[in-house]
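What follows is a set of notes on a single structure, which appears directly below.
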């Protein structure tokens with residue numbers, strides 16, 4: 005079942021700025037979906053349209069089987085904005101109870117549910133503090149707890165690990181995967197592509213309001229990122245420069261390995277390495293990371309745009 009559907013969605017602001025151009029998408033129940041793209045790509049506008057915060061110019065959007073309407077958001081939708089800013093005089097616990105009340109929860113359940121979601125995101129020990137006395141990371145966890153208060157069917161999270169340390173980031177990843185296993189659908193907007201790669205089933209890349217790519221993470225990263233050749237000892241800078249000249253091919257050097265574009269070029273590289281006495285420890289096909297894919301697609305698009313302009 006698709007909990008989120010858009011068809012040819014567009015949004016043009018006053019002055020003719022086209023923030024979204026024909027965006028079509030389906031997100032299934034229990035799926036973690038990632039939205040990526042550079043600043044100004046239209047990501048924030050897209051989320052605001054889906055949540056009924058602003059009106060689309062064209063196309064249609066359905067959320068939980070209902071047509072999206074401006075000013076109307078179902079209570080079974082959780083949302084964490086990028087910069088959450090509750091009043092500083094509130095305690096975290098009071099804020100969570102207030103969110104629960106606004107979502108239609110029974111007053112009798114608010115105290116226990118607020119503590120439950122605070123504990124789930126690692127905010128239980130400081131949820132009694134005033135918002136004004138919380139660090140950025142603490143506030144981020146309270147915001148994530150607020151998005152979970154009403155036990156939503158679908159979660160919209162904007163930079164959910166922003167301001168968190170590595171341990172807290174892992175805890176959030178584990179929480180998201182646990183929510184997914186319990187049937188919650190999650191829509192993630194983040195610049196931290198390594199985080200998305202670890203948790204998302206599918207991602208969509210937006211660029212200037214258009215869909216540049218969309219698909220399963222493993223399919224988008226299936227393309228080879230070259231052939232990795234690891235040696236013993238590591239290749240010296242002197243031999244690296246000499247091999248580039250002698251082999252007549254282009255390859256990269258990491259701290260402990262060389263990367264050729266293909267197996268054919270890797271074989272020529274290996275011949276040169278063996279002549280210099282290096283032991284070949286490993287030869288493997290290197291897969292692209294999600295970050296590699298995104299940067300490559302953006303670069304290809306920009307280069308194509310430049311060719312059209314010339």
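Residue numbers (the working numbering): 5 to 314.
Ideal Cβ placement from N, Cα and C applies to all residues, glycine included.
Asked, Found
"Option nearest residue 104 by Cα separation, candidates 74, 87, 156 and 143", "156"
"Separation of residue 266 from residue 273, as counted between CA atoms", "10 angstroms"
"For residue 208, three-class secondary structure by DSSP", "strand"
"DSSP three-state assignment for residue 135, whether helix, strand or coil", "helix"
"For residue 162: DSSP bridge partner residues", "193"
"Rounded straight-line distance, which links the Cα of residue 306 to that of residue 314", "Any reading at residue 314 needs caution, since the residue's pLDDT is 47, under 50, leaving its predicted position unreliable; the model's value is listed next. Going by the C-alpha atoms only, they are around 12 angstroms apart."
"Same chain, Cβ closer than 8 angstroms to residue 259, five either side skipped, listed in chain order", "238"
"Test item: CB-CB of residue 51 and residue 160 under 7 angstroms", "yes"
"Alpha helix (DSSP H) runs wholly inside the stretch 55-136, at least 4 long, in chain order", "96-106 and 111-124"
"Beta strand (DSSP E) segment containing residue 257, residue limits", "255-257"
"Of the residues 16, 179 and 35, the one placed nearest residue 49, counting alpha carbons only", "16"
"Close-in-space but distant-in-sequence residues of the same chain around residue 92 (CB under 7 angstroms, 5 per side omitted)", "134, 135 and 136"
"For residue 1, the nearest candidate out of 140, 246, 149 and 129 (CA to CA)", "For residue 1 there is no data in the structure shown, the boundaries of the chain being 5 and 314."
"Inter-residue spacing [alpha-carbon to alpha-carbon] between residue 187 and residue 7", "11 angstroms"
"Residue 170 versus residue 177: straight-line alpha-carbon distance, rounded", "11 angstroms"
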